[in-house]
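Chains as they are written, first to last, in my numbering: chain A, 21 to 135; chain B, 71 to 184.
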């Protein structure tokens with residue numbers, strides 16, 4: 021499946037580093053999402069973008085900064101992270117038709133380790 | 071806020087045994103979706119149920135949506151080692167800025183012993 025791609029697939033960073041996660045969708049979708057998946061926890065929705073506009077920020081700490089330059093690309097900028105931020109970060113997209121709950125297509129994720 | 075609960079959290083079965091996971095929502099859902107995440111993989115959409123009491127089948131998988139549209143189940147008949155993974159249900163949030171977005175259950179991790 022190559023509809024939603026994410027880079028890098030693995031990332032190890034120190035607490036003082038600045039890094040960015042990239043997501044790209046090739047499905048012509050209008051909505052994109054960032055999720056955090058930690059061990060033994062449900063998928064946590066972080067940010068939602070519809071037509072490049074952020075429509076959801078689930079009380080995410082400011083050390084996570086999303087950017088959506090167009091409907092196909094989504095970034096997650098990381099700075100001064102904590103070890104507890106280590107997790108799998110999943111990007112997803114959906115068509116986001118009005119009045120419908122569309123299927124979400126997930127990317128392979130970035131496995132992040134914060135030392 | 072809306073909560074989606076799944077039980078059990080873990081299920082270990084012998085190959086050939088059946089498996090069921092249950093999903094319960096604190097609110098009535100317009101629809102429910104099921105996803106599967108293989109170990110080391112990412113969630114992949116399986117199915118969406120929309121109608122009250124709806125039952126859908128995909129080979130050995132049977133999905134059911136409750137009459138009150140607040141619960142759902144996934145049943146696998148005669149499990150195989152390829153069924154291992156985490157099964158998530160997800161329901162849309164209703165109202166407010168979260169309209170149309172999904173709330174995921176915590177998932178059921180299925181292990182199949184050969």
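From the three backbone atoms N, C-alpha and C, an ideal C-beta is built for every residue, glycine too. A quick note: this is a predicted structure, and the numbers were derived from the prediction, not measured.
Flag residue i as yes if its beta-carbon sits less than 8 Å from any beta-carbon of chain A, otherwise no.
{"i": "residue 118 (chain B)", "result": "yes"}
{"i": "residue 145 (chain B)", "result": "no"}
{"i": "residue 100 (chain B)", "result": "yes"}
{"i": "residue 162 (chain B)", "result": "yes"}
{"i": "residue 73 (chain B)", "result": "no"}
{"i": "residue 136 (chain B)", "result": "no"}
{"i": "residue 81 (chain B)", "result": "no"}
{"i": "residue 133 (chain B)", "result": "no"}
{"i": "residue 155 (chain B)", "result": "no"}
{"i": "residue 128 (chain B)", "result": "no"}
{"i": "residue 177 (chain B)", "result": "yes"}
{"i": "residue 115 (chain B)", "result": "yes"}
Use the C-beta contact count for residue i: other C-beta atoms within 10 angstroms, 16 or more gives buried, fewer gives exposed.
{"i": "residue 112 (chain B)", "result": "buried"}
{"i": "residue 66 (chain A)", "result": "buried"}
{"i": "residue 71 (chain A)", "result": "exposed"}
{"i": "residue 128 (chain B)", "result": "exposed"}
{"i": "residue 124 (chain A)", "result": "buried"}
{"i": "residue 112 (chain A)", "result": "buried"}
{"i": "residue 162 (chain B)", "result": "buried"}
{"i": "residue 121 (chain B)", "result": "exposed"}
{"i": "residue 74 (chain B)", "result": "buried"}
{"i": "residue 103 (chain A)", "result": "exposed"}
{"i": "residue 122 (chain A)", "result": "buried"}
{"i": "residue 76 (chain A)", "result": "buried"}
{"i": "residue 88 (chain B)", "result": "exposed"}
{"i": "residue 60 (chain A)", "result": "exposed"}
Please tell me whether residue i has its Cβ less than 8 Å away from any Cβ of chain B.
{"i": "residue 73 (chain A)", "result": "no"}
{"i": "residue 126 (chain A)", "result": "yes"}
{"i": "residue 76 (chain A)", "result": "yes"}
{"i": "residue 22 (chain A)", "result": "no"}
{"i": "residue 68 (chain A)", "result": "yes"}
{"i": "residue 121 (chain A)", "result": "yes"}
How is the beta strand (DSSP E) around residue i delimited, first residue to last?
{"i": "residue 155 (chain B)", "result": "155-162"}
{"i": "residue 134 (chain B)", "result": "131-135"}
{"i": "residue 84 (chain A)", "result": "84-90"}
{"i": "residue 131 (chain A)", "result": "130-134"}
{"i": "residue 101 (chain A)", "result": "Here residue 101 (chain A) belongs to no beta strand (DSSP E), and DSSP marks it neither H nor E."}
{"i": "residue 174 (chain B)", "result": "172-174"}
{"i": "residue 75 (chain A)", "result": "73-77"}
{"i": "residue 42 (chain A)", "result": "38-45"}
{"i": "residue 99 (chain B)", "result": "Run containing residue 99 (chain B): none; DSSP gives neither H nor E here."}
{"i": "residue 119 (chain B)", "result": "114-119"}
{"i": "residue 141 (chain B)", "result": "141-146"}
Check the Cβ of residue i against every Cβ in chain A and list those closer than 7 Å, keeping chain order.
{"i": "residue 27 (chain B)", "result": "This structure cannot settle anything about residue 27 (chain B), because the visible part of chain B is limited to 71 through 184."}
For residue i, go through chain A and note every residue whose CB falls closer than 8 Å to its CB, in chain order.
{"i": "residue 172 (chain B)", "result": "65, 121, 124"}
Name the chain A residues whose beta carbon is nearer than 9 Å to that of residue i?
{"i": "residue 103 (chain B)", "result": "121, 123, 124"}
Discussion item. Please identify, using Cβ separations under 9 Å, the residues of the stretch 44-64 of chain A that lie next to chain B, in order along the chain.
Written reply: Cβ contacts with chain B come from 51, 53, 55, 57, 60, 61, 62, 63, 64.
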